[in-house]
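Each remark here refers to the structure printed beneath this line.
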Amino acid sequence: MNFRRMENILYYLNVRNYYDMNREKVIVRTSLIGIIANIFLAFFKAFIGLISNSIAIVLDAVNNLSDVLSSVITIVGTKLAGKSPDKEHPYGHGRAEYLTSMVISLIILYAGFAAFIEAGKKIIHPVTPDYNIVSILIIIVAVIVKIALGLYVDKIGFKVNSSSLKNSAKDALLDAVISFSTVVAAMIFVTFHISLEAWLALIISIVIFKSGIEMLKNTLDQILGRRVDRDLSIAIKNTVNSYDDIFGAYDLNLSDYGPDIYVGSINIEIPDTMTASEIDKLTRQISKKVYEKHNVILSAIGIYSVNTQDKNAIKMREKINKIIHKYPTVLQIHGFYINQKEKEISFDIIIDFSDRKREETLKNLHDKIQKEYPDYKINITLDFDISD
3 MNFRRMENIL
13 YYLNVRNYYD
23 MNREKVIVRT
33 SLIGIIANIF
43 LAFFKAFIGL
53 ISNSIAIVLD
63 AVNNLSDVLS
73 SVITIVGTKL
83 AGKSPDKEHP
93 YGHGRAEYLT
103 SMVISLIILY
113 AGFAAFIEAG
123 KKIIHPVTPD
133 YNIVSILIII
143 VAVIVKIALG
153 LYVDKIGFKV
163 NSSSLKNSAK
173 DALLDAVISF
183 STVVAAMIFV
193 TFHISLEAWL
203 ALIISIVIFK
213 SGIEMLKNTL
223 DQILGRRVDR
233 DLSIAIKNTV
243 NSYDDIFGAY
253 DLNLSDYGPD
263 IYVGSINIEI
273 PDTMTASEID
283 KLTRQISKKV
293 YEKHNVILSA
303 IGIYSVNTQD
313 KNAIKMREKI
323 NKIIHKYPTV
333 LQIHGFYINQ
343 KEKEISFDII
353 IDFSDRKREE
363 TLKNLHDKIQ
373 KEYPDYKINI
383 TLDFDISD
């Protein structure tokens, strides 16, 4: 990465500071609302659960306390993620949010496991619950509060693209379902005198555990690095291809350094007649436009030179394209260039991940082209299908 590109990255990251500061305030405020609501709900649910001998309601109250801890962790993670870039972390600290999301997922997993153990104990040693109308009404109110809280947090989470808030929202809506199920169990007991407490608690624990696994998987995917979002990839390439001097945009590679912080690279095909100053001007324009339209920092723009003057090279390209298209797993060819002086044919291909014998396909392709053009050296680079 050259010095100018690094300067651009630091500049763009600094431009984001105002947005990040406001985003942090929104997440902290939303988390504080969640903390207050969950403490309130946990107190009343625990009180009702204890006086009515309802293990399901007590576990629901404990689940609310885990939500309080999740909100606290979200605040801590947001504060860490909001720290400005420094020498050790030039791309900022945005990925700290993914770590806090993982911690929240682990807390939910633990809550589900603990609930499963408690439910098992109550199945072996059942306790008859003692409900009344007042307690049922309070739990109904709790369901309404949780639904409202979940929808609110989910809306804010998507607005500021916070995985921690999105996880908290899912957990809140799940709590609403759990609380509603305790109301149904209570009404069944009051009406038919059939206690479903322990079995309901067992189902609740499984649902909580499953939710924790899904959240953890999603967070790990973010940490490991996922394929570039299809819509974003296509939008960026369309923006790059909008310039008259560009024949194609390929190999878009993005790394995220926290929510909405993307740094990446792309390769472009341009005429072999362009000068260095024209290329420099073009790449600067592309970097600026992509950041303004898509909030993506291009740290590097690679150049593929395309033969535009040599008619023989153009015919050779068309013929080689026909050979390549006979292979169904070859998704794309790009960066095609013929050096007539050195007698070299160079290009990149992308082979579908479904082809378990990519190296063999590459060799067969190479051999066929080499047979067609024995006087040329064939240089084929195998690219990966990393973006649409």
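Be aware that the sequence shown starts at 3, since it is given in my numbering, and climbs by one per residue.
Ideal Cβ positions, reconstructed from N, Cα and C, are used throughout, including at glycine.
Next on the checklist: Tell me whether the segment 152 to 165 and the segment 180 to 194 touch, counting them as touching only if at least three CB pairs, one residue from each stretch, are closer than 8 angstroms.
Outcome noted: With the cut-off at 8 angstroms, the segment 152 to 165 and the segment 180 to 194 do not touch.
Checklist entry - DSSP three-state call for Phe355: helix, strand or coil? => result Residue mapping note: residue 355 aligns to position 353 of the sequence shown, counting from 1. It is coil, neither helix nor strand.
Checklist entry - Taking Cβ to Cβ, would you say Asp223 is nearer than 8 angstroms to Ser72? => result Counting from one through the sequence shown, the residue named residue 223 turns up at place 221. Counting from one through the sequence shown, the residue named residue 72 turns up at place 70. Not a contact, by the Cβ cut-off of 8 angstroms.
Next on the checklist: If you measure between the beta carbons of Leu218 and Met104, is that distance less than 8 angstroms?
Outcome noted: Your numbering for residue 218 matches position 216 in the sequence shown. Your numbering for residue 104 matches position 102 in the sequence shown. Judged by their CB atoms, Leu218 and Met104 are nearer to each other than the 8 angstroms cut-off.
Checklist entry - Taking contact to mean at least 3 C-beta pairs separated by less than 8 angstroms, is the segment 336 to 345 in contact with the segment 309 to 321? => result With a cut-off of 8 angstroms, the segment 309 to 321 and the segment 336 to 345 count as touching, because enough Cβ pairs lie within range.
Checklist entry - Which one or two residues does DSSP pair with His336 in a beta bridge? => result Taking the sequence shown and counting its residues from 1, the one referred to as residue 336 is at position 334. Its beta-bridge partners are Asp350.
Item to check | Sheet register partners of Gly266 (DSSP bridge) | outcome: To locate residue 266, count along the sequence shown from 1; it is residue 264. Looking at the DSSP output, Gly266 shares a beta bridge with Leu256, Leu300.
Checklist entry - With distances taken between CB atoms, is the gap from Val298 to Val242 smaller than 8 angstroms? => result As a position in the sequence shown, residue 298 is number 296, starting the count at 1. As a position in the sequence shown, residue 242 is number 240, starting the count at 1. A distance of 8 angstroms or more separates the beta carbons of Val298 and Val242.
Checklist entry - Cα separation between Ile352 and Asp233? => result For the purposes of this step, residue 352 is taken as the residue at position 350 of the sequence shown. For the purposes of this step, residue 233 is taken as the residue at position 231 of the sequence shown. Taking the Cα positions, Ile352 is about 20 angstroms away from Asp233.
Item to check | Where Thr241 sits in the DSSP three-state scheme | outcome: Working through the sequence shown from its first residue, we reach residue 241 at position 239. Under the three-state reduction of DSSP, Thr241 is assigned to helix.
Item to check | Alpha-carbon spacing of Asp387 relative to Lys324, whole angstroms | outcome: Taking the first residue of the sequence shown as 1, we reach residue 387 at position 385. Taking the first residue of the sequence shown as 1, we reach residue 324 at position 322. Near 21 angstroms, if we compare the C-alpha coordinates of Lys324 and Asp387.
Item to check | Extent of the continuous alpha helix (DSSP H) to which Thr275 belongs | outcome: Here residue 275 is taken as the residue at index 273 of the sequence shown, counted from 1. Premise fails: Thr275 is in no alpha helix (DSSP H) and is neither H nor E.
Next on the checklist: So for Thr383, helix, strand or coil by DSSP?
Outcome noted: As a position in the sequence shown, residue 383 is number 381, starting the count at 1. In this structure, Thr383 counts as strand in the three-state DSSP scheme.
Checklist entry - Going straight from the alpha carbon of Phe45 to that of Ser54, what length do you get? => result Sequence index remark: in the sequence shown, residue 45 carries index 43 (1-based). Sequence index remark: in the sequence shown, residue 54 carries index 52 (1-based). For Phe45 and Ser54, the distance between alpha carbons rounds to 14 angstroms.
Next on the checklist: If you follow the alpha helix (DSSP H) that Asn391 is in, where does it begin and where does it stop?
Outcome noted: In this structure the chain extends from 3 to 390, so residue 391 is not present and cannot be described.
Next on the checklist: Tell me the residue span of the alpha helix (DSSP H) that contains Asn55.
Outcome noted: As a position in the sequence shown, residue 55 is number 53, starting the count at 1. Per DSSP, Asn55 belongs to no alpha helix (DSSP H) and is neither H nor E.
Item to check | Sufficient close CB pairs (3 or more, under 8 angstroms) joining the segment 90 to 102 to the segment 193 to 208 | outcome: No: the two stretches stay apart, fewer than three of their Cβ pairs being nearer than 8 angstroms.
Item to check | Whole-Å CB distance - Leu284 paired with Gly266, under 8 angstroms assumed | outcome: For this step, residue 284 is matched to residue 282 along the sequence shown. For this step, residue 266 is matched to residue 264 along the sequence shown. 18 angstroms between Cβ atoms; not a contact.
Item to check | Rounded distance between the beta-carbons of Ile382 and Phe349, thought under 8 angstroms | outcome: Within the sequence shown, numbered from 1, the residue matching residue 349 stands at position 347. Within the sequence shown, numbered from 1, the residue matching residue 382 stands at position 380. Contact between Phe349 and Ile382 is confirmed by a C-beta separation of about 6 angstroms, below the 8 angstroms threshold.
Checklist entry - Between the segment 75 to 87 and the segment 181 to 201, do three or more beta carbon pairs fall short of 8 angstroms? => result No: the two stretches stay apart, fewer than three of their Cβ pairs being nearer than 8 angstroms.
Checklist entry - Roughly how many angstroms separate the alpha carbons of Leu43 and Ile248, rounded to a whole number? => result Stepping through the sequence shown from its first residue, residue 43 is reached at position 41. Stepping through the sequence shown from its first residue, residue 248 is reached at position 246. Across the structure, Leu43 and Ile248 are spaced so that their CA atoms are roughly 59 angstroms apart.
Item to check | Asn341 (DSSP reduced to helix, strand or coil) | outcome: The residue given as residue 341 occupies position 339 in the sequence shown. Assigned with DSSP and collapsed to three states, Asn341 falls in strand.
Item to check | Start-to-end residues for the alpha helix (DSSP H) that takes in Ser137 | outcome: In the sequence shown, residue 137 corresponds to position 135, counting from 1. Start and end: 135 to 162.
Next on the checklist: I'd like to confirm the pairing. Which residues does DSSP put opposite Glu271 in its beta bridges?
Outcome noted: Indexing the sequence shown from 1 puts residue 271 at position 269. In the DSSP assignment, the residues bridged to Glu271 are Gly250, Tyr306.
Checklist entry - How long is the line joining the alpha carbons of Leu153 and Lys47, rounded to whole angstroms? => result Your numbering for residue 153 matches position 151 in the sequence shown. Your numbering for residue 47 matches position 45 in the sequence shown. Whole-angstrom Cα-Cα distance: 21 angstroms.
Next on the checklist: For Ser86, report the span of its alpha helix (DSSP H) as first-last.
Outcome noted: For this step, residue 86 is matched to residue 84 along the sequence shown. Ser86 -> no alpha helix (DSSP H), and no H or E assigned at all.
Checklist entry - Cβ of Asn169 within 8 angstroms of Cβ of Ile106? => result In the sequence shown, residue 169 corresponds to position 167, counting from 1. In the sequence shown, residue 106 corresponds to position 104, counting from 1. Closer than 8 angstroms, so yes.
Checklist entry - When we look at the beta-carbon of Ser244 and count the other beta-carbons within 10 Å, is it buried (16 or more) or exposed? => result Taking the sequence shown and counting its residues from 1, one reaches residue 244 at position 242. Exposed: under 16 other Cβ atoms inside 10 Å.
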